[in-house]
Amino acid sequence: MTPGGRRGAAPGGGRYGEAVFRPGQAGEGERIDVGALAYDDLTLARLRALGAGPGWRCLDVGAGTGTVSRRLLEEAGVDSVLAVDRDVRFLGERPGLEVLEADVTAPGVVRGRFRLVHARFVLMHLPEHERLISALAELVEPGGVLVLGDAVDLTSDRTPDTPYTTVMRAMWQGLRATIGTDVSWVPSYPHLLRAAGLGSVAAEIHVPPLLPGSPISRFWADTWERSRAAMLATGLVDDAAVDAAVRYLASDECAALSAGMLTAWGWKPAEAESAGH
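Residue numbers (this note's numbering): 209 to 485.
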């Protein structure tokens, strides 16, 4: 995904897709796709359990390479998906898929209402979380649902020091300094959805296993390579430490928890219910 825009700039001026994770960099689409392999089945299962299917008009924010958008159309059978991203080079064409190249942080860039509004691994890279969640909630039609997913860091001061945990700490710190990525607030999703006027709020966390050659292990190794400069700038790691962590991920010695994906959702009250209140 390339979620940012000028409003999404970090204090130092960096943005996702420019300072790091540039869409034009060779292999970036493949990195996003490998991450999708780790999470898409869970995301689609949740969206379908929430009712996504025929008759639904959907908005996929920060659509990336379009894997969720396409599967909503092909597997869930929704009527249409508007896929929005700041860079849409990875989004192809297919019936029912509308593509919009836009900065999702700009007011009024998306028009209309949707039965499903979905954003995954987008808001963690952007400031003004409460404003953006409220703006996304406004795009949900009465009786529809807003679904947000982002990373939850499971390393802590008590987590044993390994090549993996050392580099993950450096990655989060480096990305925060470079492009403003901040996952510390993600556990507050349910509260923020309620504050945005949504009801029947719930959440779940999925942690894919770190196994040699697994999609999530490949995703982290590639992510570290592409954010290496930001990680080195923290002073927490050097090149040798990053290389050691990549080898560790690919070995049977790896014993660690991946960052989890928290998915939270809330429903817009139906018009009759809203009128009753």
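Quick reminder that beta carbons are idealized off the backbone N, C-alpha and C, glycines included.
No experiment lies behind these values; they were computed from the predicted model shown.
- Message: Rounding to the nearest angstrom, what Cα-Cα distance links E309 and L299 in this structure?
- Response: Approximately 10 Å between the Cα atoms of the pair.
- Across which residues does DSSP place Y224 in a beta bridge pair? Partner(s): V228.
- Message: 8 Å is my cut-off, CB to CB: does G300 come that close to chain B?
- Response: Absent from the structure is chain B; it holds one protein chain and no more.
- Task: Find the nearest neighbour of E349 within the set L406, T273, P262, D447, judged by alpha-carbon distance.
- Result: The closest CA to that of E349, considering only L406, T273, P262, D447, is found on L406.
- Paired residues, beta bridge with L328 - DSSP: Note that residue 328 is Arg in the sequence shown here, rather than Leu. Residue pairing by DSSP puts R328 in a beta bridge opposite G357.
- Query: Thinking C-alpha only, which one of L400, V286, D248, L419 is nearest R265?
  - Reply: Comparing Cα positions, the closest option is V286.
- Item | Where the alpha helix (DSSP H) containing L305 begins and where it ends | It is not in any alpha helix (DSSP H) - L305 instead sits in the beta strand (DSSP E) that spans 305–309.
- Message: Pop quiz: A260 and Y372 are said to be a contact at Cβ under 8 Å. What is the actual Cβ separation, rounded to whole angstroms?
- Response: Distance from A260 to Y372 at the Cβ level is roughly 35 Å; contact not present, criterion being Cβ atoms closer than 8 Å.
- Query: What three-state label does DSSP hand E349 in the structure shown?
  - Reply: Note: E349 maps to strand in three-state DSSP.
- Considering only residues of the same chain and omitting the five flanking positions on each side of R279, which have a CB-CB separation below 7 Å? If we look at R279 and ignore the five residues flanking it on each side, its Cβ neighbours are D248, L252.
- Straight-line gap, A257 to T275 (C-alpha atoms, nearest Å): For A257 and T275, the gap between their C-alpha atoms comes out near 18 Å.
- Message: For the beta strand (DSSP E) containing W264, name the first residue and the last one.
- Response: It is not in any beta strand (DSSP E) - W264 carries neither H nor E in the DSSP assignment.
- Option in R434, R366, T471 with minimal Cα separation from G237: Considering only alpha carbons, the answer is R434.
- Whose C-alpha, out of V292, R455, M376, is nearest the C-alpha of A438? With distances taken between Cα atoms, A438 lies closest to M376.
- Task: Pull up the DSSP beta-bridge partners for M469, would you.
- Result: In the DSSP output, where bridge partners are listed per residue, M469 has A359, H414.
- Item | Whole-angstrom C-beta distance between L267 and E338, which should lie under 8 Å | About 19 Å separates the two Cβ atoms, so there is no contact after all.
- When the Cα of F229 is compared with those of R436, D390, G316, which residue comes out closest? The residue with the shortest Cα to Cα distance from F229 is R436.
- Going along the chain, which residues of its own chain have a beta-carbon closer than 7 Å to the beta-carbon of G351, five neighbours each way excluded? Same-chain partners within the cutoff: K476, A478.
- How about W473 and L290: are their beta carbons less than 8 Å apart? No, the Cβ-Cβ distance between W473 and L290 is not below 8 Å.
- Residues near V445 in its chain [Cβ-Cβ closer than 7 Å; skip 5 each side]: Taking V445 as the centre and dropping the five residues before and after it, the same chain places the C-beta of T374, V375, A378, M439 closer than 7 Å to its C-beta, in chain order.
- Message: Does A234 come out as helix, strand or coil in the three-state DSSP assignment?
- Response: Three-state DSSP puts A234 in coil, outside helix and strand.
- What did DSSP end up calling W432 once you bin it into helix, strand or coil? Of the three classes helix, strand and coil, the one that applies to W432 here is helix, per DSSP.
- Task: Let me know the secondary structure DSSP gives S396 once reduced to three states.
- Result: S396: helix per DSSP, three-state reduction.
- Message: Could you give the first and the last residue of the continuous alpha helix (DSSP H) run that contains D447?
- Response: Taken as a continuous stretch (DSSP letters only), the alpha helix (DSSP H) holding D447 covers 447–457.
- What is the rounded straight-line gap between the Cα of A343 and the Cα of S288? Those two C-alpha atoms are separated by around 21 Å.
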